[in-house]
Structures are given as C-alpha cells and as structure tokens.
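Chemist: Below you will find the structure I want to go over with you.
Numbering (my numbering), first residue to last: 39 to 228.
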C-alpha cells in the first residue's frame with residue numbers, strides 16, 4: 039500500500055512542476071515582449087558622433103531617446119533621420135516650429151522678430167546664417183507647417199537648417215526626442 043500512495047503523489051507533483059514551468063515560461067515571455075515593446079516604441083539609445091552639439095553634448099556620448107514625440111517644441115534636442123547625403127542620424131536642437139519666422143541680426147537668432155534666449159550656449163557665441171553658397175534659404179524665413187528649423191549648439195561647425203543640405207526638417211523625419219545622457223553618467227539635458 040505505501041507504494042500505491044507514493045505513485046499517486048508523484049503524478050500530482052509532476053503536474054505541479056509542469057504547471058510551474060509553464061507559468062515561469064509565460065512570465066518570462068511576457069517580460070521579453072514588454073522589454074521589446076519598450077525599446078522599440080518608447081525608449082531608444084543613440085550615440086553622438088561629432089562636435090556639432092558642443093558644449094551641451096560631446097562626441098561619443100550615449101543618449102536615451104523617446105520615440106514617442108507628440109509635437110516637437112522649441113528647445114527640444116532631437117534625433118533626425120539622415121537625408122540629403124547624410125549617412126548617420128543628426129542630433130540637433132529645435133529652434134523654430136511651423137509658422138515661426140526665423141532671422142538673424144547682430145550675431146543673434148530672431149524668432150518672430152525677437153531675440154531668443156539661449157542659455158545653453160556660451161555667452162559670447164554669435165550665430166549667423168550660412169554663407170551665400172551654403173545657405174538653404176533667404177532670411178527672414180517662415181517655417182512651413184509640419185516642419186522645424188534646427189541648429190547645433192556649436193554654431194560654427196554645425197551642419198543644420200541654415201545649410202542647403204539640411205534646410206527645414208519635416209517633423210516626420212524626427213526619430214525621437216533626447217531625454218537624458220546615459221554615458222558618461224545619467225544627466226538631464228538642457
């Protein structure tokens with residue numbers, strides 16, 4: 039009789055073990071799916087190549103980028119899809135959005151006729167449009183609806199909306215908004 043009791047217990051134990059393994063597999067697959075969705079649609083990582091965003095961002099830094107971007111806003115740092123001869127995505131700051139008028143005067147950027155405050159730039163930095171051979175447009179220029187005007191924070195070396203090869207950027211070509219710097223350390227970006 040003891041043998042029959044042991045045999046009756048064993049099938050129950052095996053069923054429980056199989057049930058536990060099934061539950062573990064289900065939890066693990068759900069976790070993998072959630073992580074895949076998170077890193078595909080919500081959060082991505084991008085590296086900075088070059089010095090066009092210095093002093094805000096440095097070459098070879100890693101950024102956390104959200105792919106969920108309702109509408110780009112002035113001041114946002116964004117990742118832009120490569121176009122017009124660029125092979126890598128560009129990291130730039132949104133200066134003007136659809137309907138804004140952009141202009142330059144006395145080394146300063148004018149937005150809708152007023153000098154904009156740019157606390158992220160060195161105090162003595164002057165900003166000018168691209169020279170006549172590189173310029174994307176005459177100024178003042180109105181940003182079309184559905185587009186943005188972007189510039190790098192290192193204005194002297196940045197290939198941005200002032201240059202013919204970039205020009206106005208379609209909002210649809212923005213891959214995401216930079217949330218914070220991951221490497222060298224977690225830090226929110228101004």
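Cβ coordinates follow ideal geometry from the N, Cα and C atoms, glycine included.
The structure presented is a predicted model; accordingly, all values stated were derived computationally and were not measured.
Go ahead and pull the three-state DSSP assignment for residue 214.
Modeler: For the purposes of this step, residue 214 is identified with residue 176 of the chain shown, where counting begins at 1. Residue 214 falls in the strand class under three-state DSSP.
Chemist: For residue 192, count the other beta carbons within 10 Å of its own beta carbon; 16 or more makes it buried, fewer makes it exposed. Which is it?
Modeler: Here residue 192 refers to the residue found at position 154 of the chain shown. Its Cβ being crowded by 16 or more others within 10 Å, residue 192 is buried.
Chemist: Judging by CA-CA distance, which residue of 88, 172, 204, 68 is the nearest neighbour of residue 120?
Modeler: Position 82 of the chain shown, counted from the start, is the residue given in the question as residue 120. When only C-alpha atoms are compared, the closest one is 204.
Chemist: I need the straight-line Cα distance from residue 139 to residue 147, nearest angstrom please.
Modeler: Position 101 of the chain shown, counted from the start, is the residue given in the question as residue 139. Position 109 of the chain shown, counted from the start, is the residue given in the question as residue 147. Spanning the two alpha carbons is a distance of roughly 11 Å.
Chemist: For a quick check, are the C-beta atoms of residue 173 and residue 149 less than 9 Å apart?
Modeler: Counting from one through the chain shown, the residue named residue 173 turns up at place 135. Counting from one through the chain shown, the residue named residue 149 turns up at place 111. No. Outside cutoff.
Chemist: Using a 10 Å radius around the Cβ and a threshold of 16 neighbouring Cβ atoms, would you call residue 179 buried or exposed?
Modeler: Here residue 179 is taken as the residue at index 141 of the chain shown, counted from 1. Result: buried.
Chemist: Does DSSP put residue 140 in a helix, a strand or coil?
Modeler: The residue you call residue 140 lines up with position 102 of the chain shown. Three-state DSSP puts residue 140 in a strand.
Chemist: Compare the beta carbon distance of residue 189 and residue 129 with 9 Å and say whether it is the shorter of the two.
Modeler: As a first step, residue 189 is located in the chain shown; it is residue number 151 there, counting from the start. As a first step, residue 129 is located in the chain shown; it is residue number 91 there, counting from the start. No; because the gap between Cβ atoms is not below 9 Å, this pair is not in contact.
Chemist: Quick check on residue 54: buried or exposed, where buried means 16 or more other Cβ atoms within 10 Å of its Cβ?
Modeler: Looking up residue 54 in the chain shown gives position 16. Exposed, since its Cβ has fewer than 16 Cβ neighbours within 10 Å.
Chemist: Between which two residues does the beta strand (DSSP E) holding residue 147 run?
Modeler: Numbered from 1 along the chain shown, position 109 holds the residue referred to as residue 147. Residue 147 -> beta strand (DSSP E) spans 146-149.
Chemist: Can you list, in chain order, the residues of its chain with a C-beta nearer than 6 Å to that of residue 93? Leave out the 5 residues immediately preceding and following it.
Modeler: For this step, residue 93 is matched to residue 55 along the chain shown. Excluding positions up to five away in sequence, the list is empty.
Chemist: For residue 101, which residues does DSSP report across the bridge?
Modeler: Numbered from 1 along the chain shown, position 63 holds the residue referred to as residue 101. BP columns for residue 101 point to 84, 219.
Chemist: Using the Cα positions of residue 168 and residue 220, report the straight-line distance between them to the nearest angstrom.
Modeler: By one-based count along the chain shown, residue 168 stands at place 130. By one-based count along the chain shown, residue 220 stands at place 182. About 32 Å.
Chemist: Please state whether the Cβ-Cβ distance between residue 132 and residue 116 is less than 9 Å.
Modeler: Mapped onto the chain shown, residue 132 falls at position 94. Mapped onto the chain shown, residue 116 falls at position 78. Yes; because the gap between Cβ atoms is below 9 Å, this pair is in contact.
Chemist: What residue from 217, 201, 74 has the CA that sits closest to residue 175's CA?
Modeler: If you number the chain shown from 1, residue 175 lands on position 137. Nearest of 217, 201, 74 to residue 175, Cα basis: 201.
Chemist: Tell me whether residue 175 sits in a helix, a strand or coil according to DSSP, three-state version.
Modeler: Here residue 175 corresponds to residue number 137 of the chain shown, with the count starting at 1. Note: residue 175 maps to coil in three-state DSSP.
Chemist: Hey, how far is the Cα of residue 197 from the Cα of residue 165?
Modeler: Locating residue 197 in the chain shown gives position 159, where the first residue counts as 1. Locating residue 165 in the chain shown gives position 127, where the first residue counts as 1. Their backbone Cα atoms lie some 13 Å apart in a straight line.
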